[in-house]
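Have a look at the structure below, then the notes.
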Amino acid sequence: MDILGFIDVPGWVLTIIIMIITLYLYSLWYHSLWRQLGIPGPRPIPFLGILPRYKKGLGKTDLELVNTYGPVVGIYHGHLPVLLVSDPEMVKEIFIKEFSNFTNRPIPFKMDEDSASSVGTAYDNHWKFLRSTISPTFSSGKLKLMVPKIQRCCTNLVENIQRQSKQGEPVDMKEVCETFTMDVIASTAFGIDVNSQNESNNQFVKHAKDAALGEIFKPKFILIMMFPILKHLFTVQFLKKEAGDFFKSVVDSAIELRKKGQEVYNDFLQLMLNARHDDKQSDYFTMGDLKDFKNRGLNNIELKKNAVTFFVAGYDTTANTLSFACYCLATNQDVQRKCMEEIDNILHGRRPQVEDLSKSKYLDRFFNEVLRLYGAAVRIQRGGKQDIIVKGVYIPKDVDVSVPLYAIHRNPLFWPDPDKFDPDRFTEENKAKRPEYAFIPFGVGPRICIGMRLALMEMKMALMIMLQSFTFSPCSKTEIPIELDPGQIIRAKNGIPLKINKR
Ligand code: HEM
Numbered sequence: 309m310d311i312l313g314f315i316d317v318p319g320w321v322l323t324i325i326i327m328i329i330t331l332y333l334y335s336l337w338y339h340s341l342w343r344q345l346g347i348p349g350p351r352p353i354p355f356l357g358i359l360p361r362y363k364k365g366l367g368k369t370d371l372e373l374v375n376t377y378g379p380v381v382g383i384y385h386g387h388l389p390v391l392l393v394s395d396p397e398m399v400k401e402i403f404i405k406e407f408s409n410f411t412n413r414p415i416p417f418k419m420d421e422d423s424a425s426s427v428g429t430a431y432d433n434h435w436k437f438l439r440s441t442i443s444p445t446f447s448s449g450k451l452k453l454m455v456p457k458i459q460r461c462c463t464n465l466v467e468n469i470q471r472q473s474k475q476g477e478p479v480d481m482k483e484v485c486e487t488f489t490m491d492v493i494a495s496t497a498f499g500i501d502v503n504s505q506n507e508s509n510n511q512f513v514k515h516a517k518d519a520a521l522g523e524i525f526k527p528k529f530i531l532i533m534m535f536p537i538l539k540h541l542f543t544v545q546f547l548k549k550e551a552g553d554f555f556k557s558v559v560d561s562a563i564e565l566r567k568k569g570q571e572v573y574n575d576f577l578q579l580m581l582n583a584r585h586d587d588k589q590s591d592y593f594t595m596g597d598l599k600d601f602k603n604r605g606l607n608n609i610e611l612k613k614n615a616v617t618f619f620v621a622g623y624d625t626t627a628n629t630l631s632f633a634c635y636c637l638a639t640n641q642d643v644q645r646k647c648m649e650e651i652d653n654i655l656h657g658r659r660p661q662v663e664d665l666s667k668s669k670y671l672d673r674f675f676n677e678v679l680r681l682y683g684a685a686v687r688i689q690r691g692g693k694q695d696i697i698v699k700g701v702y703i704p705k706d707v708d709v710s711v712p713l714y715a716i717h718r719n720p721l722f723w724p725d726p727d728k729f730d731p732d733r734f735t736e737e738n739k740a741k742r743p744e745y746a747f748i749p750f751g752v753g754p755r756i757c758i759g760m761r762l763a764l765m766e767m768k769m770a771l772m773i774m775l776q777s778f779t780f781s782p783c784s785k786t787e788i789p790i791e792l793d794p795g796q797i798i799r800a801k802n803g804i805p806l807k808i809n810k811r
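Heads up: the sequence shown runs through residues 309 to 811, numbered per my numbering.
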């Protein structure tokens, strides 16, 4: 093709040039939102937004963004706009006051029936129905009934650590805590004796680890970020199929066992079974069929999906926090001594009961400090149904509003000398000095973590029982400071090997 009479460009080259220019303009248009709204943020790379920055880790990136641009930052995942909000007052407004608008987590792709049935991902009335049906499992009364099972898992935990450390070898507390929390969730929620603590390569642990990886970083997902319009075409699954199938078959067997046995169960599975509409209800449902939540129980998809959610959400998060707690004890011997003294004074050598947990004030402060630095979630999210102005900031509907917990919990405005481990930050006096929502490791508002009480109970009980038998100290392989996984969950990248010292 002849251009202006003197350049001869082949037609196909011209087509490619026009396509590149069109795509570039398309990208510029998508990336103009925050600029138009006057919200500060880093300059996005065409098509990728700020995704390449995440190579250094999501938490570290958030910290840099908040330090550079302030409490409200506009960023892009591919072309998807994300508003990073770290102002505690705005967090309160969005997550609590405006909850009717910000009810849901923003999910940038079409969910299949299975994915949409988890309490963590469900929308609006469907979520309300699931949450109110499932929540009673975690009442204080129900949790109290679970204590003997947790104590049994704690005893196995101590024996497992003692066995592994017999020859003075360091023990990887990350691995040990993973098997412990898997045993707790399997026994307290489903009445299943997994005993993964005595088995290396346990299938439950293997599949729960796989499940957590899911599909969301696969090319399909990246493509949706670049071309958001595709979200109406593709479904993306949260869990790996094999892992999902494994846990569903586990739940099926547990249900069959209950039909035959006489035992009375007080666990999550039983509560969901009691809330089930009827045994023969079809597995199939459409969103339309879900409209009337008042007159039905859980269907089979909801029952199994939430059972799987509990295995996955209840295992990794708690295991990571507990293993970081051991790390913090090992690297802060004075804190370890104070925890030990308090436990000895309360228990005088007997096993802890649920009432002992509220008496252990220092242990409570200690766990809060562990959760501040190493609470599992790097970010929490909500998506609005309507455009809204919150504290003078215009937030368009459907935008991913992300609260960077990692960055809030390390913000020197609220936490002087933020990298220092200091449980005394949580004395009543010090708590009163900072905004209430500057510490939110389990999230905020009606969609706060459903398993918070269970997690705190099992972690405190495990730590009390461990510290009755031994103490922790660093070994030559312990990383100080510890290297964190760059992903969405705070994990120790290379495990947490510690030396175990008999008391
Ligand atoms: C130390 C352990 C844990 C931590 C740090 C943690 C943290 C969180 C966070 C930050 C959220 C998001 C809350 C929000 O968006 O406002 C969440 C939600 C959730 N967590 Fe946890 N969690 C832990 C343990 C557990 C356990 C043991 C279970 C279940 C047995 C569980 C089940 C869930 C579920 C189902 C949701 C979604 C709730 C909803 O959308 O209604 N978590 N968790």
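For every residue, glycine included, the Cβ atom is placed at its ideal position computed from N, Cα and C.
Limits of the beta strand (DSSP E) - the one that residue i falls within
i                 : result
valine 701        : 701-703
isoleucine 688    : 687-691
tyrosine 384      : 380-385
tyrosine 809      : The residue you asked about is not tyrosine; residue 809 is asparagine in the sequence shown. First-last of the beta strand (DSSP E) with asparagine 809: 805-810.
leucine 388       : 388-393
phenylalanine 780 : 778-782
valine 698        : 696-698
Residue i, enclosing alpha helix (DSSP H) - first and last residue
i                 : result
threonine 487     : 481-498
aspartate 708     : Where aspartate 708 is concerned, there is no enclosing alpha helix (DSSP H), although the beta strand (DSSP E) it sits in stretches over 708-712.
phenylalanine 619 : 608-639
phenylalanine 674 : 669-682
threonine 323     : 319-338
phenylalanine 529 : 527-534
valine 466        : 448-472
valine 399        : 396-400
glutamine 344     : 341-345
serine 376        : The question names serine, but residue 376 is threonine in the sequence shown. Its alpha helix (DSSP H) spans residues 366-377.
valine 559        : 549-568
Close Cβ partners of residue i (< 6 Å) along its chain, the five nearest in sequence each way excluded
i              : result
glycine 357    : Tyr384, His385 and Gly386
tyrosine 702   : Leu345
threonine 625  : Ala684
asparagine 676 : Phe734
proline 754    : Phe407
glycine 795    : none
Selected residue, minimal CA-CA separation from residue i, among the options
i             : options                           : result
lysine 482    : Gln796, Thr786, Ser777 and Leu531 : Thr786
alanine 615   : Val643, Ala638, Ser557 and Leu655 : Ser557
glycine 691   : Val707, Gly700, Leu681 and Ile697 : Val707
leucine 579   : Phe488, Phe632, Pro379 and Arg439 : Arg439
aspartate 674 : Thr487, Ile328 and Val643         : Reading off the sequence shown, one finds phenylalanine at residue 674, where the question assumed aspartate. Comparing Cα-Cα distances from phenylalanine 674 to each of Thr487, Ile328 and Val643, the minimum goes to Val643.
arginine 733  : Gln796, Leu679 and Arg687         : Leu679
aspartate 695 : Ile688, Asn409, Lys801 and Asp664 : Asn409
glycine 367   : Asp793, Ser631, Lys405 and Asp553 : Asp793
serine 668    : Ile654, Leu331 and Gly700         : Ile654
Exposed unless 16 or more other CB atoms sit within 10 angstroms - verdict on residue i
i              : result
isoleucine 808 : buried
threonine 881  : Limits of the chain in this structure are 309 at one end and 811 at the other, which puts residue 881 out of reach.
leucine 333    : exposed
asparagine 719 : buried
methionine 534 : buried
proline 789    : exposed
serine 495     : buried
methionine 765 : buried
histidine 717  : buried
threonine 376  : exposed
histidine 374  : First, the residue type needs correcting, since residue 374 is valine and not histidine in the sequence shown. That one is buried.
glutamate 477  : exposed
alanine 627    : buried
isoleucine 325 : exposed
serine 443     : exposed
aspartate 652  : exposed
aspartate 597  : Confidence is the limiting factor: at aspartate 597 the pLDDT is only 48, short of 50, which leaves the residue's position unreliable, though a coordinate-based value still follows. When all chains shown are included, aspartate 597 counts as exposed.
threonine 639  : buried
tryptophan 337 : exposed
methionine 454 : buried
lysine 612     : buried
Own chain partners of residue i with C-beta closer than 7 Å, once the 5 adjacent residues on each side are dropped
i                 : result
valine 466        : Ile773, Met774 and Ser777
isoleucine 493    : Phe618, Phe619, Gly622 and Tyr623
arginine 742      : Phe722
phenylalanine 542 : Phe417, Lys418, Lys528 and Ile532
glutamine 589     : Reliability fails at glutamine 589, whose pLDDT of 43 lies under 50, so the model's placement of it is uncertain and no value is given.
aspartate 491     : Cys461, Asn464, Val502, Asn503, Ser504 and Gln505
lysine 810        : Phe778
proline 352       : His339, Ile358 and Tyr384
Close-in-space but distant-in-sequence residues of the same chain around residue i (CB under 8 Å, 5 per side omitted)
i           : result
leucine 577 : Ala497, Phe498, Gly499, Val559, Ala562, Ile563, Arg566 and Ala615
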